[in-house]
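The structure appears below as structure tokens.
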Amino acid sequence: MEFFNSADLLHALPLIFLMSWATILLLVAAFARAASERIMPALAAAGLLLTGYFAARQFGNPASAFNGMFAADGFSAFITLLLVLSGLLAIALSSDYLKRMSLNRPEYYVLMLFSITGMMLMASAADLIVVFLALELLSIPLYVLAAFAQPEPRSEEAGLKYFLLGAFASGFLLFGIALVYGATATTSLTGIFIAAQSGLEQPLYLLIGAALILVGLAFKVAAVPFHMWTPDVYEGSPTSVTAFMAAGAKIGGFAALIRIFIVALPSISEQIVPVLWALTALTLIGGNLLAIAQNNVKRMLAYSSISHAGFLLMALVVYGQDAARFDVVASALFYLLAFIITSSGSWGVVIALEKQAGKGLEFSDYAGLGRTQPVLALAMAVFMLSFTGVPPTLGFAGKFYLFRAVLEGEYVGLAILGMLASLISAYYYLRLIVVMYMQTGNPKIHSERWLNLTTVGAAIGVVVLFFASEPLFDLAALALLHVN
Amino acid sequence: MVPVSYYLALAAILFALGALGVLIRRNAIIIFMSIELMLNAANLLFVAFARSFESLDGQIYVFFVIAVAAAEVAVGLALIVTIFRTKHSIDIDELSSMKG
Numbered sequence: 026m027e028f029f030n031s032a033d034l035l036h037a038l039p040l041i042f043l044m045s046w047a048t049i050l051l052l053v054a055a056f057a058r059a060a061s062e063r064i065m066p067a068l069a070a071a072g073l074l075l076t077g078y079f080a081a082r083q084f085g086n087p088a089s090a091f092n093g094m095f096a097a098d099g100f101s102a103f104i105t106l107l108l109v110l111s112g113l114l115a116i117a118l119s120s121d122y123l124k125r126m127s128l129n130r131p132e133y134y135v136l137m138l139f140s141i142t143g144m145m146l147m148a149s150a151a152d153l154i155v156v157f158l159a160l161e162l163l164s165i166p167l168y169v170l171a172a173f174a175q176p177e178p179r180s181e182e183a184g185l186k187y188f189l190l191g192a193f194a195s196g197f198l199l200f201g202i203a204l205v206y207g208a209t210a211t212t213s214l215t216g217i218f219i220a221a222q223s224g225l226e227q228p229l230y231l232l233i234g235a236a237l238i239l240v241g242l243a244f245k246v247a248a249v250p251f252h253m254w255t256p257d258v259y260e261g262s263p264t265s266v267t268a269f270m271a272a273g274a275k276i277g278g279f280a281a282l283i284r285i286f287i288v289a290l291p292s293i294s295e296q297i298v299p300v301l302w303a304l305t306a307l308t309l310i311g312g313n314l315l316a317i318a319q320n321n322v323k324r325m326l327a328y329s330s331i332s333h334a335g336f337l338l339m340a341l342v343v344y345g346q347d348a349a350r351f352d353v354v355a356s357a358l359f360y361l362l363a364f365i366i367t368s369s370g371s372w373g374v375v376i377a378l379e380k381q382a383g384k385g386l387e388f389s390d391y392a393g394l395g396r397t398q399p400v401l402a403l404a405m406a407v408f409m410l411s412f413t414g415v416p417p418t419l420g421f422a423g424k425f426y427l428f429r430a431v432l433e434g435e436y437v438g439l440a441i442l443g444m445l446a447s448l449i450s451a452y453y454y455l456r457l458i459v460v461m462y463m464q465t466g467n468p469k470i471h472s473e474r475w476l477n478l479t480t481v482g483a484a485i486g487v488v489v490l491f492f493a494s495e496p497l498f499d500l501a502a503l504a505l506l507h508v509n
Numbered sequence: 333m334v335p336v337s338y339y340l341a342l343a344a345i346l347f348a349l350g351a352l353g354v355l356i357r358r359n360a361i362i363i364f365m366s367i368e369l370m371l372n373a374a375n376l377l378f379v380a381f382a383r384s385f386e387s388l389d390g391q392i393y394v395f396f397v398i399a400v401a402a403a404e405v406a407v408g409l410a411l412i413v414t415i416f417r418t419k420h421s422i423d424i425d426e427l428s429s430m431k432g
């Protein structure tokens, strides 16, 4: 048996390239420390751009590699492009922030690149054991990044909490994988599909296993009731890390959820969909209600990211229906795109207002921003409207396609619930706009080149891309999963 | 041969003990050990199933899991040591500077 050939390596090129690039950068950081502090952001960004180029070239010719353990299809290419975008935005948000907070250590970017490799592998994993390895590759660098501001106690605390709960969740995932293996005698996603089609000796193992896998991944994407770590970790981590975590970890988790459920588990959709439905409803309602009570903008955005996980889960509920299936993938991908840009931009504004030692993060610190910093306040207002789903913003288009897919799947109740959740969310998003424009205050901001560029660029992107949402959605619809 | 359901029962008990340990113990190191117990319960299951299927896949996965667990130990213990240096305690009840 041949373990792999050169074609396999070519299919995994974006992944292998980024992993090697990150390893080289780690050596650069070790041996040319002084120089690397200056050039590391540029080097990391260059690596991401090249990765994106390699991934874009793979678009449109689906293949599977390494004996069916690795899928290189439109879906993984699209997710890789999303990850490159979120990585670039995170680097732009980080470079000045790290200097200001005196955290400028070059390992930061290397850890970020390693984590992105894990996220890419999540989207390409065609075997459950690869999903497990990818999840760990994604998570372990993030645990370190969360605690990156040590000896600042809140950051250390965030790192330890994230680590303990993340490792706890991977325990569930792994036990679930073992049970699925016990039910089907394989861990390959297509193998599981075929085994489940042809009848199982122990169908219960598959069911429990699938439920445990769902629990493990629900922790990662922060779905209620597995969200307890999110607000603390998001608040305690350095804000640039939070911005990266909010976008990247979510993409990775959802990529794996979508591929596992659609490719391997359509046969048990009847039993698993009610569970997903309940998880979605809890996440939508819980995330939004808890966000209302927050006075810290970082925590509010953390709960808001939980509620957006709820919207993305809405897409997954429809996964069992053949007719709606591909619209579901496309609408989830489009929603992710809208979420990444909006979320990164809003974290940019938070970074601009943040002061040393966790100050400058309360709602009241934003009072008067509309008068003193009209550009920044306008950008934040655009992001809040996009989060709420008000046209003409990308967030509206994302919700539109998502609700359309849910209605096509004839889950009217779920669509209504989503509408209600959007209404509730308007309260706390608009509250920030009210504070910025209608209250008086004199907020001090940090005006840094890359930070301003990212925030303003994201705000323009959110509005301009709304008018290009039709072609973007068509592009996402091309990002088909390579099913069997 | 011992039937696979015996192994399954043992693995389920170990997994439940590990999960309980995470939920009720307050010392970060003990919690961490409980998590390792959960991972090893899964390892036991992999080996038992692999034996009953007479395939090697499951046994190889165990090596992956052990390697990953070792990487987790490295990062986890480093985090616990840093916390201990600042707080002189690894009781997770004292990690509550953030609320809401």
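Heads up: the sequence lines are chains A and B, in that order.
Plus 25 on top of the position in the first sequence (first one is 1) and you've got the working numbering.
Plus 332 on top of the position in the second sequence (first one is 1) and you've got the working numbering.
Glycine is no exception: its CB is placed at the ideal position from the N, C-alpha and C atoms.
Hey, does residue i have any beta-carbon neighbour from chain A nearer than 8 Å?
i	result
residue 333 (chain B)	no
residue 429 (chain B)	yes
residue 338 (chain B)	no
residue 413 (chain B)	no
residue 371 (chain B)	yes
residue 356 (chain B)	no
residue 408 (chain B)	yes
residue 389 (chain B)	yes
residue 402 (chain B)	no
From the options, pick the residue whose C-alpha is nearest to that of residue i; which is it?
i	options	result
residue 77 (chain A)	A:409, A:62, A:37, A:94	A:37
residue 229 (chain A)	A:205, A:189, A:323, A:35	A:205
residue 364 (chain B)	A:186, A:115, A:129, A:170	A:186
residue 430 (chain A)	A:374, A:384, A:397, A:351	A:351
residue 466 (chain A)	A:29, A:87, A:387, A:203	A:387
residue 383 (chain A)	A:324, A:27, A:55, A:297	A:324
residue 376 (chain B)	B:428, B:427, B:341	B:341
residue 73 (chain A)	A:138, A:203, A:433, A:366	A:138
residue 219 (chain A)	A:287, A:354, A:99, A:485	A:287
residue 123 (chain A)	A:380, A:321, A:389	A:380
residue 346 (chain B)	B:428, B:373, B:408, B:333	B:373
residue 422 (chain A)	A:437, A:470, A:498	A:498
residue 481 (chain A)	A:357, A:117, A:333, A:50	A:117
residue 400 (chain A)	A:419, A:346, A:479	A:479
Which same chain residues, not among the five before or five after residue i, have their C-beta less than 7 Å away from its C-beta?
i	result
residue 452 (chain A)	317
residue 144 (chain A)	108, 163, 273, 276, 277
residue 328 (chain A)	256, 312, 315, 316, 319
residue 263 (chain A)	126, 128, 173, 174, 180
residue 442 (chain A)	306, 309
residue 368 (chain B)	401
residue 354 (chain B)	363, 366, 367
Would you please verify whether the beta carbon of residue i is less than 8 Å from any beta carbon of chain B?
i	result
residue 40 (chain A)	no
residue 193 (chain A)	yes
residue 483 (chain A)	no
residue 130 (chain A)	no
residue 381 (chain A)	no
residue 20 (chain A)	Any question about residue 20 (chain A) goes unanswered here, given that chain A covers just 26 to 509.
residue 212 (chain A)	yes
residue 509 (chain A)	Because the pLDDT of residue 509 (chain A) is 47, which lies under 50, any placement of that residue in the model is unreliable, and the number read from its coordinates should be weighed accordingly. No, no contact with chain B.
residue 161 (chain A)	yes
residue 273 (chain A)	no
Within its chain, find whatever has a CB closer than 8 Å to the CB of residue i; leave out the 5 residues flanking it on each side and keep chain order.
i	result
residue 240 (chain A)	194, 197, 198, 201, 251
residue 461 (chain A)	391, 392, 393, 394, 395, 402, 405, 406
residue 227 (chain A)	207, 208
residue 422 (chain B)	359, 360, 361, 412, 415, 416
residue 157 (chain A)	195, 198, 199, 202
residue 496 (chain A)	none
Any idea if residue i is buried or exposed, counting beta-carbon neighbours within 10 angstroms, 16 or more meaning buried?
i	result
residue 343 (chain B)	buried
residue 509 (chain A)	Here residue 509 (chain A) scores only 47 on pLDDT, less than 50, and its place in the model is too uncertain to base an answer on.
residue 435 (chain A)	exposed
residue 338 (chain B)	exposed
residue 420 (chain B)	exposed
residue 98 (chain A)	buried
residue 224 (chain A)	exposed
residue 33 (chain A)	buried
Sorted by chain position, which residues of the same chain lie with C-beta nearer than 6 Å to residue i's C-beta, five sequence neighbours on each side aside?
i	result
residue 105 (chain A)	39, 80, 145
residue 502 (chain A)	355
Quick one: does residue i have its CB under 8 Å from some CB of chain D?
i	result
residue 33 (chain A)	Protein chains A and B are contained in the structure displayed, whereas chain D is not.
Report the start-end ranges of each alpha helix (DSSP H) in the stretch 256 to 316 of chain A that is 4 residues or longer and not cut off at the edges. The qualifying runs are 264 to 284.
Contiguous alpha helix (DSSP H) assignments of at least 4 residues, all confined to the stretch 106 to 162 of chain A: Qualifying alpha helix (DSSP H) stretches, in chain order: 132 to 149.
4-residue-minimum alpha helix (DSSP H) runs that sit fully inside the stretch 29 to 69 of chain A, ordered along the chain: Taking only runs of at least 4 residues, the alpha helix (DSSP H) segments lying wholly in the stretch 29 to 69 of chain A are 31 to 36, 38 to 56.
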